[in-house]
Every structure is written in structure tokens, then in C-alpha cells.
Amino acid sequence: MEAARWSISQCDYGTAVDVIRTRTPSLFVPSADTNNRKQIERAKRLVYWGAGRLLMPHHLNTASLVNEIHQLTKFEARRVNFELNGAHNAAQLIEQVVYQNGHKPVSTQPSIDKRPH
């Protein structure tokens with residue numbers, strides 16, 4: 055996505071992360087499926103943060119899509135500062151707390167119960 059001029063997507067999680075990371079001007083057209091509200095909520099948040107534009111599925115037609123693409127060519131995404139390494143950072147934080155409290159590191163290898171059954 056880094057080389058893209060702009061992006062049109064339904065705003066799935068992976069695409070949302072790419073949009074934040076690359077600052078690619080984006081148009082979000084979430085699914086019309088009422089069971090999939092996450093795309094709509096995610097797209098609304100990204101629009102609020104200045105990372106893209108939103109075209110609701112019930113407004114999607116040829117004219118609205120052409121208009122939004124035209125607007126997208128002039129759109130400049132704001133920098134959204136998110137930490138995208140959450141799992142790694144959480145592991146480091148836990149490790150720091152454990153070491154600060156004087157605990158020894160625990161093996162990450164699975165233990166094998168060698169007792170007779």
C-alpha cells in the first residue's frame with residue numbers, strides 16, 4: 055500500500071492498520087451486512103482521526119463513488135500516531151515488571167510431566 059496513490063476498501067482490520075502506517079489517502083466503503091458493524095465503526099474512527107473518507111454502503115452508487123474518488127485525489131491523510139507493536143510491547147512490559155520484582159525468567163518451553171500415570 056505504500057506505493058499506492060489512494061485506496062478504496064471495506065476497512066477490514068489489516069487494511070486499517072496499513073492505512074495508519076502508510077498514510078495512504080483512503081476511501082472506506084464498509085460492508086452493508088448488518089452483522090458486520092466493526093467495519094463501519096472502524097471506518098468512522100479513522101475518518102474522525104483524519105486518516106480517510108467514508109462512503110456508507112446505502113449511499114453507494116456510481117455518482118457518489120466518482121465524487122468520492124475525485125475528493126480522495128485532493129485528500130491528505132493526517133498523521134495518526136498509534137503504537138502498532140502492541141503484542142511485542144506488552145511482552146516487554148510484563149518482562150520488566152517480573153524482573154523488577156526479583157523473579158527469575160520462566161522457561162517458554164512446554165513442560166513434560168514425567169510422573170508415572
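Mapping of the sequence shown onto my numbering: residues 55 to 171, in sequence order. Just so you know, even glycine gets a beta-carbon here, dropped at the ideal spot from N, CA and C.
- prompt: Out of curiosity, what's the CA-to-CA distance linking LEU147 and ALA70?
  reply: Along the sequence shown, read from residue 1 onward, the residue named residue 147 stands at position 93. Along the sequence shown, read from residue 1 onward, the residue named residue 70 stands at position 16. About 25 Å.
- prompt: Which same chain residues, not among the five before or five after VAL73, have their C-beta less than 7 Å away from its C-beta?
  reply: As a working note, residue 73 is residue 19 in the sequence shown. The beta carbon of VAL73 sits closer than 7 Å to those of SER61, SER80, LEU100, ALA105 and GLY106, all from its chain and outside the five residues before and after it, given in chain order.
field: Between the CA atoms of ALA57 and LEU108 - distance to the nearest angstrom
entry: By 1-based counting over the sequence shown, the position of residue 108 is 54. By 1-based counting over the sequence shown, the position of residue 57 is 3. Cα to Cα, the separation comes out at about 21 Å.
- prompt: Hey, LYS98 and TYR67: beta-carbon distance below 9 Å or not?
  reply: For the purposes of this step, residue 98 is taken as the residue at position 44 of the sequence shown. For the purposes of this step, residue 67 is taken as the residue at position 13 of the sequence shown. Not closer than 9 Å, so no.
query: Comparing alpha-carbon positions, which option in VAL83, TRP103, ALA141 and GLU95 lies nearest ASN115?
result: Taking the first residue of the sequence shown as position 1, residue 115 is located at position 61. Check the Cα spacing between ASN115 and each of VAL83, TRP103, ALA141 and GLU95: the tightest is with VAL83.
- prompt: For LEU108, does the three-state DSSP call read helix, strand or coil?
  reply: Within the sequence shown, residue 108 is the residue found at index 54, counting from 1. In the structure shown, LEU108 sits in a strand (DSSP, three-state: E or B).
- request: Consult DSSP for LEU81 and reduce its assignment to one of helix, strand or coil.
  value: Taking the sequence shown and counting its residues from 1, the one referred to as residue 81 is at position 27. If DSSP states are grouped into helix, strand and coil, LEU81 belongs with the strands.
message: Within the continuous alpha helix (DSSP H) that includes ASN143, where are the two ends?
response: Start at 1 with the first residue of the sequence shown, and residue 143 comes out as number 89. Run containing ASN143: 140-154, per the alpha helix (DSSP H) assignment.
- prompt: Is the beta carbon of ARG77 less than 9 Å from the beta carbon of ALA117?
  reply: Translated into the one-based positions of the sequence shown, residue 77 becomes position 23. Translated into the one-based positions of the sequence shown, residue 117 becomes position 63. Cβ distance not < 9 Å, so ARG77 and ALA117 don't count as in contact.
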